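Numbering (my numbering), first residue to last: 14 to 387.
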Ligand SMILES: Cc1cc2nc3c(=O)[nH]c(=O)nc-3n(C[C@H](O)[C@H](O)[C@H](O)COP(=O)(O)OP(=O)(O)OC[C@H]3O[C@@H](n4cnc5c(N)ncnc54)[C@H](O)[C@@H]3O)c2cc1C
């Protein structure tokens, strides 16, 4: 790599990290994968992204693009190639406070976005984890704590700035480059390097947050009750349930978030969940939105979550589906299954309006096999 380093553009001097550099250990891997790239480039500006892409192409090595490094596939690093890491391109700017319009650079993490918007009383629904990056989530979908109230993250993207493979910078919105704009909202990884998004944030300071642990019936009945309630719950409610086994019991750890500014308004949406099974723990609080995606999530990525994860969507989770989920948890693999709520505002968007077509399903689920002990 030393010959290649000699040709690093002046604009990127000091912003290339190769094996042996003390920064390499914290930049080589992703959250789900340990990797050994030949070099990691750290552009801070759009112009530097263009330079980094040109330089990376000249090396004729595989190129990976990384924002937050939380992609489940681990595609944002590689072995022996060049990684363009956008973590230093991370500004968050409110560009029109009255319209709630925010420009967010791809390398920002959602914890930082929530913190920057809180003083304005604005929120962008992102995901359940503050360490996830803007670039991967806002090009893929974005199933967050306010998803049923306000839609996917991509549903509120109003414009994108993209560096294409040939180094051209394009701004795309509904009227300019509409096909690129369509593609980036759902299938953006690979469309180019999205350097920034303009997103319409919503007014929200606090949310009602219920956290409960419920003992679930092994025949799937409790999972079915959860999903039946979510199918007809008010759209202000979004929820996630982690289903897992502990000893001989099946437990559901549920977080339910209500887009409401008072406990009085939040509680009625949560109460039916208290009746789905034997409640072992429960509390409901009114919390500022950033507490759901806190700065405590901002850890370096060192391949720390190496289990096998798969995602899927249920149109509706019927009795057989609920039994299958429960069996996956108690079966030999003892999977951990996370169920998330969809519907509501997500399904207001036409299936062909963006490259994310899944507009009739109610429940995504995420299976995570327990990592093999080493
Ligand atoms: C702990 C954890 C919690 C999660 N919670 C949620 C959740 O609640 N809701 C949800 O919807 N998802 C969730 N996810 C999934 C996550 O949103 C996606 O994997 C997302 O792609 C991660 O974004 P990133 O920028 O951190 O990822 P990265 O690993 O940096 O990138 C992921 C993919 O997007 C591409 N990419 C990244 N940035 C850009 C860019 N600027 N331009 C073009 N392509 C780019 C990468 O090349 C890679 O293929 C979670 C993942 C983890 C590990």
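Where a beta carbon is used, it is the ideal one built from N, C-alpha and C, also for glycine.
None of these values were measured; they are calculated from a predicted model.
Roughly how many whole angstroms lie between the Cα atoms of residue i and residue j?
i, j, result
"residue 21", "residue 68", "7 Å"
"residue 371", "residue 325", "11 Å"
"residue 323", "residue 352", "12 Å"
"residue 141", "residue 333", "28 Å"
"residue 283", "residue 66", "48 Å"
"residue 106", "residue 117", "6 Å"
"residue 278", "residue 162", "14 Å"
"residue 388", "residue 122", "The first residue shown for the chain is 14 and the last is 387, placing residue 388 beyond what the model contains."
"residue 17", "residue 72", "Only weak support is given to the placement of residue 17: the predicted model assigns it a pLDDT of 48, under 50, and the value that follows is read from those uncertain coordinates. One C-alpha to the other measures close to 7 Å."
"residue 387", "residue 183", "Confidence in residue 387 is poor, its pLDDT being 34 and thus under 50, which makes the residue's placement unreliable; the coordinate value appears in the next sentence. Rounded to whole angstroms, residue 387 to residue 183 spans 46 Å at the Cα level."
"residue 276", "residue 158", "17 Å"
"residue 42", "residue 120", "16 Å"
"residue 147", "residue 237", "33 Å"
"residue 47", "residue 37", "12 Å"
"residue 214", "residue 100", "22 Å"
"residue 15", "residue 125", "Because residue 15 sits at a pLDDT of 46, beneath the cut-off of 50, its placement in the model cannot be relied upon, and the following sentence gives the value as read from the coordinates. In a straight line, the C-alpha of residue 15 is about 35 Å away from that of residue 125."
"residue 341", "residue 205", "38 Å"
"residue 171", "residue 111", "15 Å"
"residue 168", "residue 257", "32 Å"
"residue 363", "residue 80", "28 Å"
"residue 109", "residue 339", "47 Å"
"residue 354", "residue 272", "14 Å"
Between residue i and ligand 1, is the CB less than 8 Å from at least one heavy atom?
i, result
"residue 88", "yes"
"residue 168", "no"
"residue 242", "no"
"residue 99", "yes"
"residue 59", "no"
"residue 145", "yes"
"residue 251", "no"
"residue 224", "no"
"residue 26", "no"
"residue 150", "yes"
"residue 354", "no"
"residue 79", "yes"
"residue 45", "yes"
"residue 156", "yes"
"residue 85", "yes"
"residue 204", "yes"
"residue 139", "yes"
"residue 33", "no"
"residue 49", "no"
"residue 119", "yes"
"residue 208", "yes"
"residue 325", "no"
Over the uninterrupted alpha helix (DSSP H) stretch that includes residue i, give me the two end residues.
i, result
"residue 306", "It is not in any alpha helix (DSSP H) - residue 306 carries neither H nor E in the DSSP assignment."
"residue 242", "234-245"
"residue 343", "332-343"
"residue 126", "123-130"
"residue 40", "37-40"
"residue 282", "276-283"
In the DSSP assignment, find the beta strand (DSSP E) that holds residue i and state where it starts and stops.
i, result
"residue 219", "219-229"
"residue 362", "Neither: residue 362 is in no beta strand (DSSP E) and is coded neither H nor E."
"residue 209", "206-213"
"residue 266", "262-271"
"residue 118", "114-118"
"residue 257", "250-259"
"residue 301", "291-301"
"residue 79", "76-79"
"residue 95", "95-98"
Using a Cβ-based criterion (distance less than 8 Å to any ligand heavy atom), does residue i qualify as near ligand 2?
i, result
"residue 142", "As for ligand 2, it is missing from this structure, which binds only ligand 1."
Check your understanding: Using 8 Å as the threshold, is the region 212-228 in touch with the region 267-275, meaning 3 or more CB pairs across them?
Key -> Touching, per the Cβ criterion.
Point to revise | beta strand (DSSP E) runs wholly inside the region 44-69, at least 3 long, in chain order | key: Fully enclosed beta strand (DSSP E) runs of 3 or longer: 52-54.
Practice item. Run through the region 149-200 for me and flag every whole beta strand (DSSP E) of 3 or more residues, listed as ranges in chain order. Key: List check, beta strand (DSSP E) in window: 170-176 and 182-186.
Review point. So, do the region 183-201 and the region 136-156 have three or more beta carbon pairs nearer to each other than 8 Å?
Key: Yes, the region 183-201 touches the region 136-156.
Check your understanding: Is the region 309-322 close to the region 292-301, with three or more CB pairs under 8 Å?
Key -> No, because fewer than three Cβ pairs between the region 309-322 and the region 292-301 fall closer than 8 Å, the two stretches do not touch.
Check your understanding: With a cut-off of 8 Å, do at least 3 Cβ pairs link the region 186-195 to the region 231-247?
Key -> Verdict: no, contact absent.
**Study point:** Meets three-Cβ-pair contact criterion under 8 Å: the region 49-68 and the region 172-182
**Key:** With a cut-off of 8 Å, the region 172-182 and the region 49-68 count as touching, because enough Cβ pairs lie within range.
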